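As numbered in the numbering used here, residues 739 to 1016 make up the sequence shown, in order.
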Amino acid sequence: MIGFLVRLIGIFVVALVSLSAPLVLAVDDAWQDESTCVTCHEAEIDEALAISVPEWRESIHAEYLVSCDACHGGDPRLEDADESMSEEAGFLDNPSWTEMADYCGVCHEAIAESFTAGRFGSAILEGVRVATCATCHMRDGHRIVASIPAEIVTSEICPGCPSVADPDRCVGFLREVRAADETLVANIDVVEAKGIDLTDLRGAAREIHEAFARTVHAFDDAAIDAARAQAAGGYEALGDRVALLDHEADSRRRFGAGMIAALTLLFVALLATLRKLR
Ligand code: HEC
Ligand code: HEC
Ligand code: HEC
Ligand code: HEC
């Protein structure tokens, strides 16, 4: 009877999971197509305006549900172009290069602050045309994906920039910090696979990464050098803690295996003694 019940519950759970999986996916896609910005611009005959939608669909912003209106404003529920993109609906003009940091900074606050307070921000105040968020991150239009330094920091984007006179050097140390981050995260994965929870160390690693990315956007050599040293030290210290926990996990495992072996031996010996006594 109990076996039958268990099997029944099992079938029910499997049915529920297989039914709900496609359901969840369907809902995921639907939110995009409920926005009139998306549907109208996708159907737009003018190629220049239609192109942003497929680009955006592949972006990290679409993945995190940051839709057209989150950046551009406007009302994504209205069918009519003029109403949907009206001033009353809060539609914004495309940002000029001087406004870009504030535009993206609505969400990327710390990075935008660092950018504005840094060398590029000062240059903008003096009217010097520098690279802004879109110059570096929107070269493929709306397809903003993971920021790969080697794809961003090039002599093409930074012509005549004294700091980036040697893009290879810049990319070299960005890659170095990134590699330290990736190694640490991979080691955390290994230890967690052994059943130890390292959520706090993962959070600490994330903080180091974010602090470094923030400082990068000041585009100031001295600040970046200091941040790079600090990140390296931080990753090393965390790495030591992960290695220690890994060692402990292994020792505990070995101890457990040793105990089982000892108990088995004891049991066999006991059995043999009992048999002899009989
Ligand atoms: C019914 C169709 C339609 C809807 C709905 C619509 N748009 Fe547009 N959009 C257009 C057309 C056509 C243009 C180009 C002509 C113009 O600027 O009015 C345009 C232009 C734009 C531009 C370029 C403006 C510029 O100055 O270069 C942006 C950005 C934009 N739309 C974003 C949005 C956003 C965000 C929404 C939703 C809140 C939206 N659109 C809703 C059809 C639409
Ligand atoms: C992360 C913020 C962000 C999101 C999300 C976003 N846009 Fe944009 N969009 C911009 C910026 C910034 C520009 C100006 C780019 C520049 O000046 O180089 C722009 C430019 C445009 C333009 C002008 C033509 C072009 O391609 O440069 C259109 C049209 C447009 N966006 C429509 C859309 C639509 C439709 C969506 C949703 C599918 C969308 N955008 C999502 C930030 C965004
Ligand atoms: C409405 C909020 C919002 C706005 C406005 C916005 N973003 Fe984002 N952006 C996000 C979210 C959410 C993520 C994904 C989580 C994260 O990485 O922080 C993200 C991720 C990113 C990434 C990270 C890619 C990586 O390396 O992981 C870049 C680069 C980026 N955005 C650039 C921009 C630029 C440039 C603008 C302005 C044109 C902009 N964003 C405007 C919300 C926004
Ligand atoms: C000169 C080019 C350049 C400019 C201008 C620039 N960025 Fe970046 N951005 C980068 C590089 C390079 C990285 C990758 C840094 C790294 O690997 O740590 C990056 C990384 C990022 C990330 C990902 C951070 C993370 O946690 O991984 C975000 C978000 C971002 N930038 C947003 C912005 C915003 C917003 C602006 C404008 C205020 C901006 N960027 C201006 C080059 C630039």
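Where is the CB? At the ideal position from N, CA and C, for every residue including glycine.
Computed from a prediction, not measured in an experiment: that's the story for all the values here.
Nearest neighbour of residue i, chosen from the options [CA to CA]
i: V866; options: A872, F858, S822; result: F858
i: H880; options: R940, E826, I798, E821; result: I798
i: A827; options: P814, S834, R916; result: P814
i: A888; options: C871, T870, E914; result: E914
i: C874; options: T921, H955, N832, G977; result: H955
i: L803; options: S773, E837, E785, R916; result: S773
i: D959; options: E948, P905, L1009, I895; result: P905
i: G971; options: I862, F950, R990; result: F950
i: S989; options: L1003, S822, K932, E945; result: K932
i: I862; options: S834, I849, L939; result: S834
i: V923; options: R940, F853, F911; result: R940
i: Q968; options: E945, E986, E796, H985; result: E945
i: I962; options: D978, A1000, R907; result: R907
i: A850; options: R966, M876, R952, E796; result: R952
i: R916; options: F957, L1008, I895, A965; result: A965
i: D818; options: T854, C778, N832; result: C778
i: F957; options: T854, H846, E825, E847; result: T854
i: T921; options: P792, D978, A848, R1016; result: D978
Where residue i falls, given that 16 or more other Cβ within 10 Å makes a residue buried
i: Y973; result: buried
i: V762; result: With a pLDDT of only 37 at V762, under the threshold of 50, the placement of this residue in the model should not be trusted; the figure read from the coordinates follows. V762 should be labelled exposed.
i: Y841; result: buried
i: N925; result: buried
i: S860; result: exposed
i: D927; result: exposed
i: L1012; result: exposed
i: V765; result: Bear in mind that a pLDDT of 43 at V765, under 50, signals an unreliable position, so the model cannot answer this.
i: K1014; result: exposed
i: A753; result: Its pLDDT being 42, under 50, A753 is placed unreliably in this model, and the coordinates cannot settle the point.
i: D878; result: exposed
i: H947; result: buried
i: D919; result: buried
i: M997; result: exposed
i: F1005; result: exposed
i: L743; result: Residue confidence is low: L743 scores 45 on pLDDT, short of 50, so the model does not pin down where it sits. Its coordinate-derived value is still stated next. Classification for L743: exposed.
i: S822; result: buried
i: T937; result: exposed
i: V836; result: A small fix is needed here, since residue 836 is Thr in this sequence, not Val. Result: exposed.
i: F993; result: exposed
i: P760; result: With a pLDDT of only 37 at P760, under the threshold of 50, the placement of this residue in the model should not be trusted, and no figure is reported.
i: L1009; result: exposed
i: L1003; result: exposed
i: L912; result: buried
Proximity test, residue i beta-carbon vs ligand 6 heavy atom, cut-off 7 angstroms
i: E948; result: Absence of ligand 6 from the depicted structure is noted, with ligand 1, ligand 2, ligand 3 and ligand 4 being the only ligands included.
Under 8 angstroms between C-beta atoms of residue i and residue j
i: V844; j: C806; result: no
i: V909; j: V891; result: yes
i: A800; j: W794; result: yes
i: A995; j: I934; result: no
Cβ-Cβ separation, residue j to residue i (assumed contact under 8 angstroms), whole Å
i: G1017; j: L830; result: Look at the range of the chain in this structure, 739 to 1016, and you will see that residue 1017 is not part of it.
i: V980; j: V929; result: 6 angstroms
i: A942; j: L976; result: 6 angstroms
i: A839; j: C871; result: 6 angstroms
i: E780; j: A788; result: 6 angstroms
Notebook entry, point to check: When a residue counts only if its C-beta is closer than 7 angstroms to some heavy atom of ligand 3, which residues count, in chain order?
Noted result: I798, H799, Y802, V804, A808, C809, M838, Y841, C842, V844, C845, H846, C871, A872, H875, M876, I882, V883, A884, S885
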